[in-house]
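Notes follow once the structure below has been shown.
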Amino acid sequence: MYEITFDQETVGCSNNSNILAAAKRNFLKLPYGCFNGGCGMCKIKIVAGDYEVGLSSKAALPDNEREKGYALACKTYPLSDLMVRVMGR
1 MYEITFDQET VGCSNNSNIL AAAKRNFLKL PYGCFNGGCG MCKIKIVAGD
51 YEVGLSSKAA LPDNEREKGY ALACKTYPLS DLMVRVMGR
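Counting from 1, position 46 in the sequence shown corresponds to residue 46 in my numbering; the numbering is continuous, with no gaps.
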């Protein structure tokens with residue numbers, strides 16, 4: 001189990017769960033739409049930590065944003081504790 005810190009709130013997240021699911025399980029309000037990597041509403045910035053990203057639309061998350069540490073919470077899985085900044089709040 002890893003800890004995901006969203007600004008001021010920290011929640012637990014297993015390595016087989018995505019960040020959005022962990023936030024929802026802990027009643028954190030993150031913006032989201034499709035829950036499938038297509039809309040980009042759950043865009044986050046990974047500030048610290050290791051993670052793995054699943055497939056998502058390049059329109060929702062272009063390569064240049066991926067290179068800068070942006071990810072979609074619905075398609076991002078922790079590999080360590082993470083510090084995350086929510087973009088759509």
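Every residue, glycine too, gets a C-beta built ideally from N, C-alpha and C.
- Setting aside the 5 residues that flank it on each side, ASN16 is surrounded in the same chain by TYR77, each with a C-beta closer than 8 Å to its C-beta; the list follows chain order.
- Given a length threshold of 3 residues, each whole run of the beta strand (DSSP E) inside the region 16-55 is given here in chain order: 43-48 and 51-53.
- Boundaries of the beta strand (DSSP E) around GLY12: 9-13.
- CA-CA distance, GLY69 to ASN18, rounds to 16 Å.
- ALA73 carries a helical assignment under DSSP once its states are collapsed to helix, strand and coil.
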